[in-house]
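Read in the working numbering, the sequence shown has 568 at position 448, and its numbers run on one by one without any break. Note that beta-carbon positions come from the ideal geometry of N, C-alpha and C, so glycine has one too. What follows is one structure encoded as structure tokens, with my remarks underneath.
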Amino acid sequence: MRGWVLIRLLKFLWKYRGQFILACFCLLAASGFGLAIPWLIKEVIDFGLRAGNPGYLLLSGGLVVLFSAARGAFAYGQGYLSEAVSQRAAYDLRNALFAKFQRLSFSFHDQAQTGQLMSRATADVEGVRIYLNVGIMRLLTVAVMVPAVLVLAVQANIRLALILLVSVAAIGLWAVNISSRLRPVWLRVQQAMGDLGTVLQENLTGIRVVQAFCQEEAQQQLYDRYNRRLRELSLRASRIGAFHQPFLLFMLNLAVVTTLWVGGREVMAGRLTLGELVAFTQYLLMLFMPVRALGWVMNILARAQSAGERIFEILDSVQEVPEKPDAVELKKVRGEVVFENVGFAYSDRAAVLRNVNLRVRPGEVVALVGPTGSGKSTLVQLIPRFYDVTSGRVLIDGCDVRDLKLASLRRNIGIVLQDTFLFAATIRENIAYGRPDATDEEVIAAAKAARIHDFIMSLPDGYNTWVGERGLTLSGGQRQRIAMARVLLLDPKILILDDALSSVDVETEAEIQAALETVMRGRTTFVVAHRLKTVRLAQRVVVMVGGEIVEEGTHEELMARAGFYRQIYETQLRAQEDAGLLVRGDD
121 MRGWVLIRLL
131 KFLWKYRGQF
141 ILACFCLLAA
151 SGFGLAIPWL
161 IKEVIDFGLR
171 AGNPGYLLLS
181 GGLVVLFSAA
191 RGAFAYGQGY
201 LSEAVSQRAA
211 YDLRNALFAK
221 FQRLSFSFHD
231 QAQTGQLMSR
241 ATADVEGVRI
251 YLNVGIMRLL
261 TVAVMVPAVL
271 VLAVQANIRL
281 ALILLVSVAA
291 IGLWAVNISS
301 RLRPVWLRVQ
311 QAMGDLGTVL
321 QENLTGIRVV
331 QAFCQEEAQQ
341 QLYDRYNRRL
351 RELSLRASRI
361 GAFHQPFLLF
371 MLNLAVVTTL
381 WVGGREVMAG
391 RLTLGELVAF
401 TQYLLMLFMP
411 VRALGWVMNI
421 LARAQSAGER
431 IFEILDSVQE
441 VPEKPDAVEL
451 KKVRGEVVFE
461 NVGFAYSDRA
471 AVLRNVNLRV
481 RPGEVVALVG
491 PTGSGKSTLV
501 QLIPRFYDVT
511 SGRVLIDGCD
521 VRDLKLASLR
531 RNIGIVLQDT
541 FLFAATIREN
551 IAYGRPDATD
561 EEVIAAAKAA
571 RIHDFIMSLP
581 DGYNTWVGER
591 GLTLSGGQRQ
601 RIAMARVLLL
611 DPKILILDDA
621 LSSVDVETEA
631 EIQAALETVM
641 RGRTTFVVAH
651 RLKTVRLAQR
661 VVVMVGGEIV
671 EEGTHEELMA
681 RAGFYRQIYE
691 TQLRAQEDAG
701 LLVRGDD
């Protein structure tokens with residue numbers, strides 16, 4: 121199975137097979153002209169120098185120059201074409217990985233490390249690219265040169281041919297042995313590179329937390345530990361390679377010495393001409409570079425093998441939220457959402473939701489409340505199929521969401537998450553992210569509805585103001601309102617606010633609340649809430665505890681029952697009502 125990964129990687133060359141075949145032709149032509157040069161040198165010695173024929177000497181010398189130039193031209197063509205093909209294949213491979221990242225579900229990204237994914241899309245793809253270029257071409261060179269030289273050697277002298285054959289076989293076996301030793305080492309090197317990238321990415325992302333808690337030294341030590349591990353593994357691979365190359369050189373020099381010794385005796389015995397011996401030595405030296413490079417090629421193959429395994433681990437990942445081949449478009453949405461006996465669990469962990477039954481009418485506003493970990497956020501994330509139910513089903517207007525095309529489903533659902541993410545782009549581009557073709561008037565209308573227009577206009581560049589990475593140049597409330605404007609621009613029939621007011625102050629909350637009353641009108645809205653004002657916007661309150669719905673009703677009805685909601689109100693919400701304090705919770 122080891123070679124299967126390398127064979128699968130060759131499929132990325134198939135798209136560019138015309139250029140690849142032309143590169144192979146150039147390699148064959150360059151090798152053919154190269155093989156002709158020692159024969160011309162033999163002719164120069166035996167029929168030019170020894171026969172004292174200056175005309176023949178001049179002709180043969182001219183042919184050597186001509187053949188050398190032709191060899192150089194074809195070698196250039198092979199080098200350029202193979203590089204072009206490998207770069208295009210790497211381009212396709214990077215795109216395939218990125219496209220796979222986009223399609224994989226939330227459950228994959230919940231467990232994946234960003235640094236590892238980045239390493240596979242960069243360092244591992246580069247390792248494959250080198251294999252598709254240098255590795256394959258070097259192997260083809262050896263595959264062409266060795267048989268050709270052996271045939272010429274056998275025709276010249278059988279004893280010298282046996283020396284050459286034994287030498288090549290010994291070097292080949294040694295190279296295979298080195299490859300088997302290097303492959304696991306390179307796999308660990310690439311894993312270590314991914315781990316180091318993860319540490320670096322987390323440190324840069326959380327640099328404010330690092331500095332706030334004075335953990336610079338601890339982070340430096342952590343990075344140093346992973347960096348040292350990468351260094352040691354790389355040195356281990358280098359030690360194997362460092363011994364390998366001089367040993368190959370020794371074996372080749374030994375073959376040259378043996379050839380001169382045996383060939384010299386053959387010349388003195390008259391069974392071999394001096395020109396043939398020189399030509400034979402030239403052929404042996406021609407094998408010197410490709411066979412010596414065989415060790416390097418084995419190193420490239422070992423690295424490509426491990427890189428390919430890591431890449432195909434991603435490309436072969438099963439999409440946990442697949443789209444059915446006969447999936448249908450979601451059109452003319454009314455907004456009825458029904459949960460029927462819904463159960464859900466993350467991977468092999470305990471169930472997060474159990475037997476949830478809930479019917480939300482078109483245009484109804486429902487608030488989900490409950491203690492941390494009760495499954496509120498998980499429940500609403502099942503509607504756009506960020507995850508798929510473990511049991512039961514979720515229906516929109518009577519259609520199981522698993523029977524709908526993902527794009528059409530998510531286009532009709534607007535989501536504002538607690539952890540607001542903005543791209544490093546202008547404010548306008550962030551608001552229009554879901555609708556790049558939106559007019560300036562539509563963008564401004566969405567911003568006004570989210571109560572962020574006045575702030576944007578107070579900036580020197582207005583809507584063309586550049587937002588720093590992840591929106592960190594803005595306050596939490598500003599990011600939240602831009603995210604709301606981004607959703608409102610889509611004009612969805614179903615709206616999900618997952619604790620979306622957690623990062624705003626009391627004054628900003630009042631402004632957004634006023635906007636929400638208008639925005640939510642006519643839309644089916646789910647509000648994961650930890651704030652009393654948000655709860656009171658809802659027409660119905662659903663109380664969740666331990667992944668189950670335990671109570672439903674209006675604020676007043678639930679308060680009168682003195683059940684779980686009354687407990688939540690007394691412990692979390694009353695303080696907001698009495699003192700206007702911010703209470704924040706996370707699912």
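Name the two residues that bound the continuous beta strand (DSSP E) containing residue i.
{"i": "asparagine 550", "result": "Premise fails: asparagine 550 lies in the alpha helix (DSSP H), 547–551, not in any beta strand (DSSP E)."}
{"i": "glutamate 562", "result": "Unbroken run through glutamate 562 is the alpha helix (DSSP H), 560–569; no beta strand (DSSP E)."}
{"i": "leucine 515", "result": "511–516"}
{"i": "phenylalanine 132", "result": "Element bounds for phenylalanine 132: n/a, residue is neither H nor E."}
{"i": "glycine 715", "result": "Any question about residue 715 goes unanswered here, given that the chain covers just 121 to 707."}
{"i": "leucine 724", "result": "The requested residue 724 does not occur in the structure, where the chain is confined to residues 121 to 707."}
{"i": "threonine 645", "result": "644–648"}
{"i": "leucine 617", "result": "614–618"}
{"i": "isoleucine 503", "result": "Looking at the DSSP string, isoleucine 503 is not in any beta strand (DSSP E), and its letter there is neither H nor E."}
{"i": "arginine 660", "result": "660–665"}
Mind checking residue i: buried by the 16 CB within 10 Å criterion, or exposed?
{"i": "glycine 490", "result": "buried"}
{"i": "alanine 338", "result": "exposed"}
{"i": "glutamine 236", "result": "buried"}
{"i": "threonine 559", "result": "exposed"}
{"i": "aspartate 707", "result": "In this prediction, aspartate 707 has a pLDDT of 44, which is less than 50 and means its spatial position is unreliable; what the coordinates show is noted afterwards. The residue in question, aspartate 707, is buried, as its Cβ has 16 or more Cβ neighbours within 10 Å."}
{"i": "tryptophan 381", "result": "exposed"}
{"i": "glycine 705", "result": "Bear in mind that a pLDDT of 42 at glycine 705, under 50, signals an unreliable position, so the number given afterwards is only what the model happens to contain. Buried."}
{"i": "methionine 388", "result": "exposed"}
{"i": "serine 300", "result": "exposed"}
{"i": "lysine 131", "result": "exposed"}
{"i": "isoleucine 616", "result": "buried"}
{"i": "tyrosine 689", "result": "buried"}
{"i": "asparagine 532", "result": "buried"}
{"i": "phenylalanine 646", "result": "buried"}
{"i": "leucine 282", "result": "exposed"}
{"i": "glycine 138", "result": "exposed"}
{"i": "lysine 162", "result": "buried"}
{"i": "leucine 133", "result": "buried"}
Look at residue i and residue j and say whether their C-beta atoms are less than 8 Å apart.
{"i": "valine 179", "j": "valine 417", "result": "Checking the sequence shown, residue 179 turns out to be leucine, not valine. Result no, Cβ atoms of leucine 179 and valine 417 do not sit closer than 8 Å."}
{"i": "valine 462", "j": "valine 648", "result": "no"}
{"i": "serine 437", "j": "leucine 609", "result": "no"}
{"i": "leucine 129", "j": "leucine 217", "result": "no"}
{"i": "valine 665", "j": "threonine 674", "result": "no"}
{"i": "alanine 95", "j": "valine 248", "result": "Since the first residue of the chain shown is 121 and the last is 707, residue 95 is not available in this structure."}
{"i": "alanine 312", "j": "arginine 349", "result": "yes"}
{"i": "isoleucine 547", "j": "proline 504", "result": "no"}
{"i": "isoleucine 784", "j": "isoleucine 434", "result": "With the chain represented from 121 up to 707, any question about residue 784 goes unanswered, as that position is not in the structure."}
{"i": "glutamate 440", "j": "phenylalanine 221", "result": "no"}
{"i": "valine 458", "j": "leucine 515", "result": "yes"}
{"i": "glycine 506", "j": "phenylalanine 226", "result": "Sequence check: residue 506 is phenylalanine here, not glycine. It is a contact, given that the beta carbons lie within the stated cut-off."}
{"i": "methionine 257", "j": "serine 188", "result": "no"}
{"i": "methionine 640", "j": "valine 486", "result": "no"}
Mind reading off the beta-carbon distance from residue i to residue j? Whole number of angstroms is fine, and I expect it under 8 Å.
{"i": "lysine 496", "j": "alanine 447", "result": "Contact doesn't hold; Cβ gap of about 28 Å is too wide."}
{"i": "valine 480", "j": "glutamate 456", "result": "7 Å"}
{"i": "glycine 395", "j": "aspartate 166", "result": "4 Å"}
{"i": "alanine 291", "j": "leucine 414", "result": "The amino acid at residue 291 is misidentified as alanine; the sequence shows isoleucine. Isoleucine 291 to leucine 414, Cβ: 7 Å. Contact."}
{"i": "leucine 502", "j": "leucine 450", "result": "At roughly 15 Å, the Cβ-Cβ gap does not stay under 8 Å, so leucine 502 and leucine 450 are not in contact."}
{"i": "valine 264", "j": "leucine 148", "result": "6 Å"}
{"i": "valine 184", "j": "isoleucine 141", "result": "About 29 Å; that fails the 8 Å criterion."}
{"i": "tryptophan 306", "j": "serine 426", "result": "5 Å"}
{"i": "leucine 302", "j": "alanine 422", "result": "4 Å"}
{"i": "serine 239", "j": "valine 309", "result": "Contact doesn't hold; Cβ gap of about 11 Å is too wide."}
{"i": "leucine 284", "j": "leucine 270", "result": "6 Å"}
Terminal residues of the continuous alpha helix (DSSP H) containing residue i?
{"i": "leucine 529", "result": "526–531"}
{"i": "serine 151", "result": "137–163"}
{"i": "aspartate 574", "result": "573–578"}
{"i": "isoleucine 250", "result": "245–250"}
{"i": "arginine 474", "result": "It is not in any alpha helix (DSSP H) - arginine 474 instead sits in the beta strand (DSSP E) that spans 471–480."}
{"i": "alanine 487", "result": "Note, alanine 487: premise wrong, no alpha helix (DSSP H); beta strand (DSSP E) at 485–489."}
{"i": "arginine 641", "result": "Counting along the chain, arginine 641 falls outside any alpha helix (DSSP H), and DSSP gives it neither H nor E."}
{"i": "glycine 596", "result": "596–608"}
{"i": "arginine 681", "result": "675–681"}
{"i": "arginine 686", "result": "684–688"}
Next on the checklist: I want to know whether the segment 567–580 touches the segment 597–605 - three or more CB-CB distances under 8 Å.
Outcome noted: These segments touch.
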